[in-house]
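Visitor: Sharing a structure, written as structure tokens. Questions coming.
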Amino acid sequence: GAVVSQHPSRVICKSGTSVKIECRSLDFQATTMFWYRQFPKKSLMLMATSNEGSKATYEQGVEKDKFLINHASLTLSTLTVTSAHPEDSSFYICSARDGSGRALQFFGPGTRLTVL
Amino acid sequence: ILNVEQSPQSLHVQEGDSTNFTCSFPSSNFYALHWYRWETAKSPEALFVMTLNGDEKKKGRISATLNTKEGYSYLYIKGSQPEDSATYLCASTLTGNQFYFGTGTSLTVIP
Chain R
1 GAVVSQHPSR VICKSGTSVK IECRSLDFQA TTMFWYRQFP KKSLMLMATS NEGSKATYEQ
61 GVEKDKFLIN HASLTLSTLT VTSAHPEDSS FYICSARDGS GRALQFFGPG TRLTVL
Chain C
1001 ILNVEQSPQS LHVQEGDSTN FTCSFPSSNF YALHWYRWET AKSPEALFVM TLNGDEKKKG
1061 RISATLNTKE GYSYLYIKGS QPEDSATYLC ASTLTGNQFY FGTGTSLTVI P
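Protein chains in written order, with the numbering used here: chain R, 1 to 116; chain C, 1001 to 1111.
Rendered as structure tokens:
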């Protein structure tokens, strides 16, 4: 149980385009989803927290107009990187938490974004 | 931002050897410590969640201990197997919400 999928696993795009990444909880309802970014040899860094039906909370230094997060249902959250630039190239990974009250996060497999 | 550190950064061991690595974290306002096992191209897999000082958890050949007073956790693997090769991540939380991750320890078990 507690499976989270993420799509696509890898994407290459041209500078200036937008890219959407989907995160789905397959066998549970995710009241809260998290988006992380990881640069080479660095730790996973939280970008934003989203609760179903409400606006995402962004961490300091993360531009909300550049990284659009939508958590429209209890099983789906999307991250859109708008007007992507080479410096946005990174590994993006989502996690989800159910409503059980336990502080567990279940992770997707991640998305490798390369902006040319 | 919570400074969580893991050591060593990478480790190569022979099949059958036992090994251990460390996660250190600030001890003040500690809430929970999580260990994950992360294989390439797969989702990080939760291994343990520990909250109390002195906690010890075990899952097969893998075990973990927690010292919240001095701010460290050890992960032990007994009799390493090639399938244990992965990156092992730890994350500390102040509340039940935000996870602060270390950079991970990459383990390679040589057959």
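Beta carbons: idealized from backbone N, C-alpha and C, even for Gly. Small disclaimer: the values here were computed from a predicted structure and weren't measured.
Going straight from the alpha carbon of R/Ser-54 to that of R/Asp-98, what length do you get?
Guide: Counting from one through the first sequence, the residue named residue 54 of chain R turns up at place 54. Counting from one through the first sequence, the residue named residue 98 of chain R turns up at place 98. Annotation: R/Ser-54 to R/Asp-98 spans about 16 Å, alpha carbon to alpha carbon.
Visitor: Which one of C/Thr-1065, C/Gly-1060, C/Ala-1046 and C/Glu-1039 has the shortest CA to CA distance from C/Thr-1108?
Guide: The residue labelled residue 1108 of chain C in the question sits at position 108 within the second sequence. Selected option, being the one with the closest Cα: C/Glu-1039.
Visitor: Assuming the contact rule is C-beta atoms closer than 8 Å, C/Lys-1057 and C/Ala-1046 should be a hit. Round their C-beta distance to whole Å, please.
Guide: As a working mapping, residue 1057 of chain C is identified with position 57 in the second sequence. As a working mapping, residue 1046 of chain C is identified with position 46 in the second sequence. Contact doesn't hold; Cβ gap of about 11 Å is too wide.
Visitor: Short of 9 Å Cβ to Cβ, which residues in the region 27–42 of chain R face chain C?
Guide: Thr-32, Phe-34, Tyr-36, Gln-38, Lys-41 and Lys-42
Visitor: Could you spell out where the beta strand (DSSP E) holding C/Arg-1061 opens and where it closes?
Guide: As a first step, residue 1061 of chain C is located in the second sequence; it is residue number 61 there, counting from the start. That residue, C/Arg-1061, is in no beta strand (DSSP E); it is neither H nor E in DSSP.
Visitor: With distances taken from CA atoms, which of R/Arg-112, R/Leu-104, R/Lys-41 and R/Thr-111 is nearest R/Thr-32?
Guide: To locate residue 32 of chain R, count along the first sequence from 1; it is residue 32. Residue R/Leu-104 is the option with its Cα nearest to R/Thr-32.
Visitor: Taking 8 Å as the cut-off, decide whether the C-beta atoms of R/Phe-39 and R/Cys-94 are in contact.
Guide: The residue you call residue 39 of chain R lines up with position 39 of the first sequence. The residue you call residue 94 of chain R lines up with position 94 of the first sequence. Contact flag unset, no.
Visitor: Could you name the residues of chain C that R/Gly-108 contacts, counting a contact when the two beta carbons are closer than 8 Å?
Guide: Residue mapping note: residue 108 of chain R aligns to position 108 of the first sequence, counting from 1. Going along chain C in sequence order, the residues near R/Gly-108 (Cβ under 8 Å) are Ser-1043.
Visitor: State yes or no: is the beta carbon of C/Gly-1102 nearer than 8 Å to at least one beta carbon in chain R?
Guide: As a position in the second sequence, residue 1102 of chain C is number 102, starting the count at 1. C/Gly-1102 counts as touching chain R.
Visitor: Can a CB atom of chain R be found closer than 8 Å to the CB of C/Ala-1046?
Guide: Counted from its first residue, the second sequence places residue 1046 of chain C at position 46. Yes, its Cβ sits closer than 8 Å to a Cβ of chain R.
Visitor: State yes or no: is the beta carbon of R/Leu-76 nearer than 8 Å to at least one beta carbon in chain C?
Guide: Here residue 76 of chain R refers to the residue found at position 76 when the first sequence is read from its first residue. Cβ-Cβ to chain C under 8 Å: no for R/Leu-76.
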